[in-house]
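Read through the structure below, which is laid out as structure tokens, and then see the notes.
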Amino acid sequence: EPEVTQTPSHQVTQMGQEVILRCVPISNHLYFYWYRQILGQKVEFLVSFYNNEISEKSEIFDDQFSVERPDGSNFTLKIRSTKLEDSAMYFCASSETMNTEAFFGQGTRLTVV
Amino acid sequence: GENVEQHPSTLSVQEGDSAVIKCTYSDSASNYFPWYKQELGKGPQLIIDIRSNVGEKKDQRIAVTLNKTAKHFSLHITETQPEDSAVYFCAARALGGSTLGRLYFGRGTQLTVWP
């Protein structure tokens, strides 16, 4: 069964460092998303991406964040200068169309120290 | 924006009993309500969804009900089994609106089924 895969599963980084979280969406999907879940809080939407551009972003997704689809298979989330409060589980998701179900990856746990 | 509330945060049941998880939403534009199951070390997996033109949907031991007037929707699991133990999330979305595919999640319910 096709699945969304994320790497790494766990990343520890020092405050102020840049991190790149990687995702391989399901191959025929056209819509891509990043969500995050801070421990004990709700899963929160960060950004959606379609046709090589951002479709929508939340208030969380400030200038420190960027997304890219560098090739035909990967979808990345970059955090330029990490803060302690960026520590969270980050989920990538993809969907075939705007109106079909989203499939989630297993997540990357980011710990900023 | 949309606000989804989910209750209870934890739920323990005996194997074979039923489990019910309830969610409310605030935005009447929401018209799609998926439920996700998250097992340890895995991402959320869709288990059932319902659209606002339907009041109830069933898939084997799992059912979801929707009350649009009251802005409630619920997940019902019958004849629970230990492998049903996981965190369950409800979510809401306005399909076809300006928010392209954005899901709003509840806080999650940790369901534990005791043998």
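These protein sequence lines are chains P and W, in that order. Its first residue numbered 457, the first sequence is counted upward by one per residue in this note's numbering. Its first residue numbered 13, the second sequence is counted upward by one per residue in this note's numbering. C-beta: ideal position from N, C-alpha, C; glycine also. Computed from a prediction, not measured in an experiment: that's the story for all the values here.
Use the C-beta contact count for residue 498 (chain P): other C-beta atoms within 10 angstroms, 16 or more gives buried, fewer gives exposed.
buried
Can you find the residues in the same chain that come closer than 7 Å, C-beta to C-beta, to residue 127 (chain W), ignoring five residues on each side of it along the sequence?
27, 94
DSSP beta-bridge partners of residue 63 (chain W):
W:44
Nearest-angstrom Cα separation, counted from residue 537 (chain P) out to residue 125 (chain W):
42 Å
State the DSSP-derived secondary structure class of residue 29 (chain W), mapped to helix, strand or coil.
coil
Put residue 14 (chain W) into one of helix, strand or coil per three-state DSSP.
coil
In angstroms, rounded to a whole number, what distance separates the CA positions of residue 465 (chain P) and residue 546 (chain P)?
10 Å
Can you give the Cα-Cα distance for residue 517 (chain P) and residue 17 (chain W), rounded to whole angstroms?
23 Å
Take residue 508 (chain P) as the anchor and find which of P:469, P:515, P:529 has the nearest alpha-carbon.
P:529
Contact set between residue 543 (chain P) and chain W, taken where Cβ atoms lie within less than 9 Å:
The contacting residues do not exist; residue 543 (chain P) stays about 18 Å from chain W at best.
List the residues of chain P that residue 46 (chain W) touches, going by C-beta distances under 9 Å, in chain order.
557, 558
What residue range does the beta strand (DSSP E) around residue 87 (chain W) cover?
84-89
With DSSP run on the structure shown, which of helix, strand or coil describes residue 540 (chain P)?
helix
Does the region 100-108 of chain W come close enough to the region 43-61 of chain W to have 3 or more Cβ pairs within less than 8 Å?
yes
So that I know if they touch, is there some Cβ in chain W lying closer than 9 Å to that of residue 462 (chain P)?
yes
Contact residues within the region 511-535 of chain P, judged by C-beta distance below 7 Å to chain W
511, 512
Are the beta-carbon atoms belonging to residue 64 (chain W) and residue 78 (chain W) less than 9 Å from one another?
yes
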